[in-house]
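Positions -19 to -1, 1 to 597 (mature numbering (1 follows the signal peptide of the UniProt record, and there is no 0)) are the ones given, in order, by the sequence shown.
See below for the structure under consideration.
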Amino acid sequence: MLKRSIAFALLAAAGHAYSADIQVTTTTDEDVDNTVCSLREAVELLNKLNSSDSKVVASVKDGYRGCASGDSNNIILQRDKEYTLNEKIKITAPLTISTAKNDSTLVDTDQPGSHNATIKMIGTDQLFKIDDESIEKASISVSLTDLNLQGAGLKFKAVTGGLIDNHEILKIQNSRLIDGYAAQGGAIYNRGLVTKSGQTYGFVTITNTLIQNNKATQGGVIYSEQPLYLITQSVIRDNEVSSAAGSLFFSANKFDDESTGGYLSQRSTGLSNSTFFHNKVGFIANVQDGMFVNNITMIKNDKGLFLDAPQGNASISNSVLVGNTINCQATSADKAIIQSNLVTTECNRNATSKLPNILYPANEKLIAGSTDEGVCDVTAKEGLFCPFNTPKDSFLGFFKPRLLESYNTLADSLIINKGRLYSDGTSVGLASCESVDQRGKKRSGYDELCDLGAIEYILDTEISSVGQDIRYGQVAKFNILGSLSEADLVTPATCKRLFGERADGKEWQPGCLRIKQSTDTPVSKGNITLDQNGNVIYTPNGNWHGADIFSIQVVTSVSRFNEGVEFQYITIPTRIVQDPLSGIEDKSVSTGGGGSVGGAFILSLLGLIALRRFKS
């Protein structure tokens, strides 16, 4: 009863937190005087409250239409609902539009993006025009969070900004930008010049967002009057700019002062920690002075980067820039610094001697298997990356780096440990890696090295335990890959190469599987099989009652580089509980948490860290 009371108290508190916000209570696009609050009416309420005309402010002191007035500028949409618009909504006030959080449980375990509200244009207009129409006041801030923004597609009749026309400080997070279409700025048109006196300017920041199926003649995703945007931890795929000389992220004007080095040192405008693939016709971005590109994976696009930075104040670092029809193209005056990347010759420009680029071998296979997207064949002998895949517990997909079994040491990889976690100590290029990767996972921090591209190959010091409760006549089935961070099991062929034939004459299983019984149950009570994808089948030796406690020991694509057999094996604590058939509820056995391992594993990890410390 106490737990139930606490739960209701917390839910009541959560509801109270939202009570001051503006709750949108209808999905219909309307502006009429009734008892429900539409998205259009909620925005108009805040616009009027922000008016410089006191009479307008006074007219909505008790609310507007069906929307209650309060002290919050947050507009809350319902989870999983679709809000259709007949025409654009004008935003002239600072505000946030977001999807409601999950109030139905004590802990919200949902991934970002899993229950986004959708705002969809069913007319022929853009979704939002964001402009307070003042050059005297400071720019307002508008945030769009946990939303799916869907444009009118080919029905769109305006010229600029298929989804949004922006002249303010716009932040988009945990969202989807899809089906935007325009002549300029398929998703967003961004207005204003930062270096013009008497003029405000817009700035667009996009984080942890899927940008897909947007199209324009110029600026397939963003058309910005200057390079005033920052895209990070996002996936940009299947977009198109129909002009062959155009760019998905297009800046019409350069910064026209000498302060571009300041923009670069702050890393305030550009692209980072993001994946770009299957984009069509034009370039990904025209890179100008003041911009940076860092830790991106840009593969399998029609074109890559267009370089136009005559001051040399543009930096491209720690990225994978290969596998595109054209990877880089530059103007004759360009001096952009491209260093510490995986590149082909046309991108190998102006690198310092301390931070050279790695040239991609012509005969190197980029993606394992035969498709660019799908499940990874971990037995594939070639392919620097797994195909693009979105894990079940993830909002955005990615290309996972691979450690090929042909490598004798980690140094053989073209991606792992080839980036610089810290700067080279000069202002040239600012070549340090981003502190986290596309998924928000912290980059390695082992000495000064990290991995090229959007995804860091994570090595976790904690090994979670596995196991299952079963009844008589059942077999246990579970997976161990969740205990191995990014690593894969080595193949039986690699086991034979590492250790020779098994002493018992049997064939090696994936991961060179070994079982070590615990002192609690020194004699095995069942048989285990393991496949290449980490799936375990445990078959009991009869109907015994109790537990079988042991360790599954495997060699992974990472641990195999350690010195000494015992340090090559990873130990995973395992517990199988078998009970008679009855109505009694199963006991809980953790299959995903806790269970850190002992000294042998810590020593093996130290060996692995030592491998991580070799110099680039």
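Where is the CB? At the ideal position from N, CA and C, for every residue including glycine.
Under the three-state DSSP convention, the category residue i falls into
i, result
"Leu589", "Low per-residue confidence applies at Leu589: pLDDT is 45, beneath 50, and the placement is therefore not dependable, though the value from the model is reported in the following sentence. In the structure shown, Leu589 sits in a helix (DSSP, three-state: H, G or I)."
"Lys316", "coil"
"Phe369", "strand"
"Ile362", "Position check: residue 362 holds Lys in this sequence, whereas Ile was assumed. If DSSP states are grouped into helix, strand and coil, Lys362 belongs with coil."
"Asp485", "coil"
"Lys477", "helix"
"Ser532", "strand"
"Leu158", "strand"
"Arg420", "coil"
"Gly507", "strand"
"Asp393", "helix"
"Glu354", "strand"
"Ala39", "helix"
"Phe542", "helix"
"Cys309", "strand"
"Arg452", "strand"
"Gly378", "coil"
Residue i, buried or exposed, once every other Cβ within 10 Å from all chains shown has been counted against 16
i, result
"Ala528", "buried"
"Ala119", "exposed"
"Ile116", "exposed"
"Val140", "exposed"
"Arg452", "exposed"
"residue 598", "No statement about residue 598 is possible, as the shown extent of the chain runs from -19 to 597 and does not include it."
"Gly410", "The predicted model places Gly410 with a pLDDT of 46, which falls under 50 and marks its position as unreliable; any figure quoted below should be read in that light. The residue in question, Gly410, is buried, as its Cβ has 16 or more Cβ neighbours within 10 Å."
"Leu286", "buried"
"Ser387", "exposed"
"Ser205", "buried"
"Ala133", "buried"
"Arg478", "exposed"
"Gly315", "Per the sequence shown, the amino acid found at residue 315 is Asp instead of Gly. Label assigned to Asp315: buried."
"Ser298", "buried"
"Glu443", "exposed"
"Asp432", "buried"
Sequence-distant residues of the same chain with beta carbon closer than 6 Å to residue i, five excluded per side
i, result
"Ile348", "Gly364, Phe366 and Pro368"
"Val417", "Lys423"
"Ala311", "Leu288"
"Ile121", "Pro75, Asp113 and Glu149"
"Asn329", "Asn338"
"Gln549", "Val536, Ser540, Arg541 and Asn543"
"residue 629", "An answer regarding residue 629 cannot be provided, because it is not within the stretch -19 to 597 covered by the chain."
"Asp160", "Gln131, Gly132, Gly134 and Asn194"
Close Cβ partners of residue i (< 7 Å) along its chain, the five nearest in sequence each way excluded
i, result
"Gln269", "Pro208, Ser232, Lys235, Asp289, Ala290 and Ala295"
"Thr390", "Phe542"
"Gly573", "For Gly573, the predicted structure reports a pLDDT of 35, less than 50, and the residue's modelled location is therefore unreliable. A value from the coordinates is still provided. The answer, listed in chain order, is Ser445 and Gly463."
"Asn267", "Ser228, Phe231, Ser232, Phe287 and Asp289"
"Ala225", "Val262 and Gly263"
Residues bridged to residue i (per DSSP)
i, result
"Phe109", "Ile70 and Ile145"
"Arg401", "Ser413 and Leu430"
"Gln549", "Note: Gln549 sits in no beta bridge, so no partner."
"Gly251", "Leu211 and Phe273"
"Cys48", "Tyr45"
"Ala457", "Tyr519"
"Tyr101", "For clarity, residue 101 is Lys in the given sequence; the question names Tyr instead. Its beta-bridge partners are Thr65 and Gln131."
"residue 598", "The requested residue 598 is not part of the displayed model; the chain covers only -19 to 597."
"Tyr204", "Tyr170 and Phe231"
"Gln4", "Ile57"
"Gln165", "Thr141 and Gln199"
"Asn267", "Phe287"
"Lys497", "Ser532"
"Gln559", "Ile451 and Gly527"
"Thr126", "Ser79 and Gln154"
"Thr16", "Thr16 is not bridged to any residue."
Other residues of its chain near residue i: CB distance less than 8 Å, five sequence neighbours each side excluded
i, result
"Leu20", "Val5, Asp10, Ile56, Leu58, Tyr64, Leu66, Ile70, Ile78 and Ile100"
"Thr16", "Gly47"
"Asp2", "Gly51, Ser53, Asn55, Ile56 and Ile57"
"residue 600", "Outside the displayed range of the chain (-19 to 597) lies residue 600, so it cannot be described from this structure."
"Ser300", "Val274, Asn275, Asn276, Ile277, Thr278, Met279, Asn322, Leu323, Leu433 and Gly434"
"Val356", "Pro368 and Asn370"
Between the region 141 to 151 and the region 98 to 111, can you find at least three pairs of beta-carbon atoms closer than 8 Å? yes
Can we say the region 469 to 478 touches the region 495 to 503, given the rule of at least three CB pairs closer than 8 Å? no
Within the chosen definition, does the region 193 to 206 reach the region 218 to 229 through at least 3 CB pairs nearer than 8 Å? yes
Can at least three beta-carbon pairs, one atom from the region 118 to 132 and one from the region 90 to 100, be found at a separation below 8 Å? yes
If you pair each beta-carbon of the region 321 to 338 with each one of the region 439 to 451, do three or more pairs fall below 8 Å? no
Could you check whether the region 369 to 376 touches the region 524 to 539, counting it as contact only if at least three pairs of C-beta atoms, one from each stretch, sit closer than 8 Å? no
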